[in-house]
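Numbering (the working numbering), first residue to last: 617 to 860. The next block holds one structure in the form of structure tokens; read it before the comments.
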């Protein structure tokens, strides 16, 4: 299974890993500036964007990205992960495939907190009732901070709705592998970004990552929700260019 990807630019390799509330299009605001300076790859995981939701055997998103990196001749790359993409980046880093990390409101190895469980339960009830639009709108309302404009909200609604529709239609549903990682072994430079308007679980996770990863630096964005790359794309582009 080859996941959809886009590649542009030349220079040091950078892999963009999207949130599981979105797809590779969430990086549109960063794409032009990053590809002007780096060799940039962005992907759609299975069941997101332009990659179908199917598998002949249990799989993981990090395994798919690792296979793609091997196909592209990349032994290591800077990995930029948003939300669930941050966990994909951490799994790849644990396998020795990262030269540097940027983790934008990523989960960590912390157990789910009550706020996260409540969010999952509400989302699950809406999907069980067949209300895909309502479930997608829940994600828009909870994940995008106050700086997100109407266009960003509409784009996230479309990306999340599409993912839900594709995943709900899968028969049989693919089985994903849970990969356990030891954060203390990921000894590469890591920039950890925390959004002040994010859910408590993700704020706690960012602090945990910054305290546990051996070479991490924490930045708190007072204006940001869960997906700052969509909320203030120019500011996140500048942050990435400065760090990279």
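The beta-carbon is built from N, C-alpha and C at its ideal position, and this holds for glycine as well.
If you run the structure through DSSP and keep just helix, strand and coil, what is residue i?
i	result
residue 799	helix
residue 645	helix
residue 629	strand
residue 741	helix
residue 860	coil
residue 852	helix
residue 658	strand
residue 774	helix
residue 760	coil
residue 754	helix
residue 837	strand
residue 637	coil
residue 652	coil
Are the CB atoms of residue j and residue i within a distance shorter than 8 angstroms?
i	j	result
residue 621	residue 653	no
residue 649	residue 843	no
residue 728	residue 817	yes
residue 706	residue 682	no
residue 701	residue 635	yes
residue 795	residue 722	no
residue 625	residue 666	no
residue 632	residue 696	yes
residue 619	residue 710	no
residue 720	residue 758	no
residue 730	residue 690	no
residue 801	residue 828	no
Could you name the residues of the same chain whose beta carbon sits closer than 7 angstroms to that of residue i, not counting the 5 residues immediately before and after it, in chain order?
i	result
residue 742	750, 751, 754
residue 726	820, 821, 824
residue 836	810, 812
residue 612	Only positions 617 to 860 of the chain appear in the structure, and residue 612 is not among them; the question remains open.
residue 783	663, 669
residue 692	713, 714, 715
residue 732	815, 817
Who are the near neighbours of residue i in its chain, counting only those whose CB is closer than 6 angstroms to its CB and skipping five residues on each side?
i	result
residue 862	Residue 862 lies beyond the range of the chain shown here (617 to 860); nothing can be said about it.
residue 788	none
residue 874	Outside the shown range of the chain (617 to 860) lies residue 874, about which nothing can therefore be said.
residue 838	812
residue 833	807
residue 826	808, 832, 834
residue 661	677
residue 643	632, 658
residue 859	807
residue 724	821, 824, 825
residue 639	660, 664, 665, 775
residue 680	619
residue 852	844, 845
Below 8 angstroms CB to CB, which residues in the same chain sit around residue i once its five sequence neighbours on both sides are set aside?
i	result
residue 760	768, 769, 772, 841, 842, 843, 846, 847
residue 781	748
residue 756	769, 772, 773, 776
residue 651	624, 625
residue 687	618
residue 739	751, 754, 755
Return yes when at least one heavy atom of the ligand HEM lies under 7 angstroms from the C-beta of residue i, else no.
i	result
residue 809	Of ligands this structure carries none, so the ligand HEM is not represented either.
field: Contained beta strand (DSSP E) runs [length at least 3] in the stretch 693–738, N- to C-terminal order
entry: 693–698, 714–720
At least three beta-carbon pairs within less than 8 angstroms, the stretch 713–733 to the stretch 798–813: yes
task: Within the stretch 781–835, note down every full alpha helix (DSSP H) run reaching 4 residues or more, in order along the chain.
output: 816–828
task: Answer yes if the stretch 758–765 comes into contact with the stretch 843–859, meaning at least three C-beta pairs across the two stretches below 8 angstroms, and no otherwise.
output: yes
query: Considering only residues of the stretch 664–697, which uninterrupted alpha helix (DSSP H) runs meet the minimum length of 4 residues and lie entirely inside it, listed in chain order?
result: 677–687
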